[in-house]
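Student: Oh and the sequence shown: position 359 is 345 in the working numbering, straight run, nothing missing. Quick one: the structure is below, questions incoming.
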Amino acid sequence: MTRGSGKMTSIPGAAQPARLRAWPYWMTLTFVPLVALAVTQGGWAILLVPFYGWVLMPLLDMVLGRNLRNPDPDTPDDALFWFRLLTWIWFPVQFMLVYGSLWYLTHVAVHSTLETLGIMFGIGVTTGVVGIVYAHELFHKANRMERTLGDLLMALVMYGHFRTEHLLVHHPHVGTPRDTVTARYNEGFHRYFLRVLRDGFGSAWRAERAMLARKGLGPWHRSNPIWKYLVLQAFFLALAYTIGGMVGVGLFLFQAIVAIWQLELTNYVEHYGLTRKHLGDGKYEPVRPHHSWDSAHTVSGLLLINLQRHADHHVHPMRRYPLLQVYDESQVPMLPTGYPPMTALAMVPPLWRRVFNPKVRAWRKRFYPEITDWGPYKRMSTPAPRGAG
């Protein structure tokens, strides 16, 4: 059973709650030996990480199909220790992967420049596909330790402001003109990526400024978390310089760019063309399950700790990843595959539009038959939400 829009809907094959098992999610740790092989061996081993994430996982998705069973959403935290532990240990693992690789590549390895860049590309795929996804899970929680781990993971890819942008802008304003990362209808990924890079930090700054103003404080106050993000990023950048000089800094920044690219590809896919109905006077309908593209594919769901169950995440943003629900297709728009093939498709905008623009138009007819003029929604020219900062 799933919960959405105030009612319960049956999903075929999901009559009984799914049994919770933590060990399949720990498959993400298999990235560690793959990175180690790439760093120490070079050559063909460099291809292992992208092959693992972009080829093997989708193939396994095809074989194992979708997981339509839902766990009990009221499972208490103390029954989820092994699920939570996986996200807690990833920061020290990623820290060692990044800086251990920087040390080896700048002091020991005799790889070519192309091989070295290929290795850091694979590390960037890892810090993006795993690290940022785990950071996202962590900073959605009220626990200070978990939020700090999330901030540390985001600082390792030089994208600390993402926490503010995600929590204060994306979640409350998804599907409206205020949300930077809701991909506009007909907007190709490359144009989208440049727009998000240009606007993201400023959007986060405005959101924190508005938050502080409600407390009677100015944006330069020390409690503004933007300062924390910048200090952490400066520290990690300085550490890269200490280990490998300017070459170390360049390689560190390269993996960060790759990780950010992976993140924004995912953001692009999650909400492409989906908008919330403007009710007038800067008011928008509440966020509902059908404002996210969903997927229930088994293996990529394990790899991405259920991020693909994105509709439920937006309806219940504090819900821990093993408890996220999959909705019936009558309630949400479904992706034809898991995220990896969809992000690859997004890299080819004409092909993406050919596949997804008809899906968006069908979504409009299905959920908003009363809207006859979609022009303002396609252009995101409807009024900004009231009080959006």
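Ideal Cβ placement from N, Cα and C applies to all residues, glycine included. Predicted model only: the values in this text are computed from it and were never measured.
Can you find the residues in the same chain that come closer than 7 Å, C-beta to C-beta, to R133, ignoring five residues on each side of it along the sequence?
Tutor: So the qualifying residues of the chain are L124, F125 and K127.
Student: Do P36 and V111 have their C-beta atoms closer together than 8 Å?
Tutor: Yes, Cβ-Cβ distance for P36 and V111 is below 8 Å.
Student: For the candidate residues H277, G373, P275 and N292, whose alpha-carbon lies nearest to that of H283?
Tutor: Comparing Cα positions, the closest option is N292.
Student: Using alpha carbons as the reference points, say which of G375, M333, S367 and V318 lies closest to A348.
Tutor: If we check each option's Cα against that of A348, V318 comes out closest.
Student: Roughly how many angstroms separate the alpha carbons of T(-5) and H257, rounded to a whole number?
Tutor: Confidence at T(-5) is low in this model, with a pLDDT of 43, below 50, so its placement is unreliable and the value that follows should be read with caution. For T(-5) and H257, the distance between alpha carbons rounds to 22 Å.
Student: For the alpha helix (DSSP H) containing L288, list its first residue and its last residue.
Tutor: Where L288 is concerned, the enclosing alpha helix (DSSP H) stretches over T284 to L289.
Student: Within 10 angstroms of its Cβ, does A65 collect 16 or more other Cβ (buried), or is it exposed?
Tutor: Per the 10 Å Cβ criterion, exposed.
Student: Taking the alpha carbon of K214 as the point to measure from, which residue in Y270, N253, G174 and L139 has its own alpha carbon closest?
Tutor: Measuring from the Cα of K214, the nearest candidate turns out to be L139.
Student: Among the candidates D137, A374 and T92, whose CA atom is the shortest distance from the CA of Y227?
Tutor: Per the Cα distances, T92.
Student: When you compare only the Cα positions, how much space is there between K201 and E151?
Tutor: Cα to Cα, K201 sits roughly 19 Å from E151.
Student: Could you check which residue in Y270, Y90, S98 and R352 has the C-alpha nearest to that of P369?
Tutor: The shortest Cα separation from P369 among Y270, Y90, S98 and R352 belongs to Y270.
Student: Given a threshold of 16 other Cβ atoms within 10 Å of its Cβ, counted over all protein chains shown, does P163 qualify as buried or as exposed?
Tutor: Burial call: buried.
Student: So is W76 buried or exposed if we call it buried at 16+ other beta carbons inside 10 Å?
Tutor: Counting Cβ neighbours within 10 Å, W76 comes out buried, since at least 16 surround it.
Student: Could you pull out every residue in the same chain whose Cβ sits closer than 7 Å to the Cβ of D165, ignoring the five residues on either side in sequence?
Tutor: Closer than 7 Å at the Cβ level, and outside the excluded window around D165, lie V155, H156 and H159.
Student: My assumption, with CB atoms under 8 Å, is that V21 sits in contact with G108. Please give the rounded CB distance.
Tutor: Between G108 and V21 the Cβ distance is about 6 Å, and since that is below 8 Å, they are a contact.
Student: Reducing DSSP to helix, strand and coil, say where K201 ends up.
Tutor: In this structure, K201 counts as coil in the three-state DSSP scheme.
Student: Go through the stretch 66 to 109 residue by residue and report every complete run of the alpha helix (DSSP H) that reaches 4 residues or more, in order.
Tutor: DSSP runs (the alpha helix (DSSP H)) wholly in the stretch 66 to 109: 67 to 93.
Student: Check M366 in the structure and name its three-state DSSP category.
Tutor: Of the three classes helix, strand and coil, the one that applies to M366 here is coil, per DSSP.
Student: Following the continuous alpha helix (DSSP H) through L15, name the residue where it begins and the one where it ends.
Tutor: No alpha helix (DSSP H) holds L15; DSSP gives it neither H nor E.
Student: Among all the DSSP beta bridges, which residues are the ones paired with R52?
Tutor: According to DSSP, which records beta bridges pairwise, R52 is partnered with H283.
Student: For a cutoff of 8 Å on Cβ pairs, would you count V341 as touching chain D?
Tutor: No chain D is part of this structure, which consists of one protein chain only.
Student: Under 8 Å, do Y307 and F17 count as touching if we go by C-beta distance?
Tutor: No.
Student: Beta-carbon within less than 6 Å of L249's beta-carbon, same chain only, minus the 5 sequence neighbours each way: which residues are those?
Tutor: G114 and I118.
Student: Between which two residues does the beta strand (DSSP E) containing L265 stretch?
Tutor: Taken as a continuous stretch (DSSP letters only), the beta strand (DSSP E) holding L265 covers H264 to G266.
Student: Which residues mark the beginning and the end of the alpha helix (DSSP H) in which N343 is found?
Tutor: Looking at the DSSP string, the run of the alpha helix (DSSP H) that includes N343 is P335 to F353.
Student: Run through DSSP, which three-state label would Y313 get?
Tutor: Here Y313 sits in coil by DSSP.
Student: Could you tell me the distance, in whole angstroms, from the CA atom of K351 to the CA atom of L309?
Tutor: If you take the alpha carbons of K351 and L309, they lie about 31 Å apart.
Student: Taking the alpha carbon of L142 as the point to measure from, which residue in A332, F221 and V273 has its own alpha carbon closest?
Tutor: Per the Cα distances, F221.
Student: Leaving out five residues before and five after Q219 in sequence, what residues of the same chain have Cβ atoms less than 7 Å from its Cβ?
Tutor: Contacts found: A141, M144 and G146.
Student: In the structure shown, what three-state DSSP assignment does M43 receive?
Tutor: In this structure, M43 counts as helix in the three-state DSSP scheme.
Student: Please classify G(-8): is it buried, with 16 or more other beta-carbons within 10 angstroms of its beta-carbon, or exposed?
Tutor: Residue confidence is low: G(-8) scores 38 on pLDDT, short of 50, so the model does not pin down where it sits. Its coordinate-derived value is still stated next. Its Cβ having fewer than 16 others within 10 Å, G(-8) is exposed.
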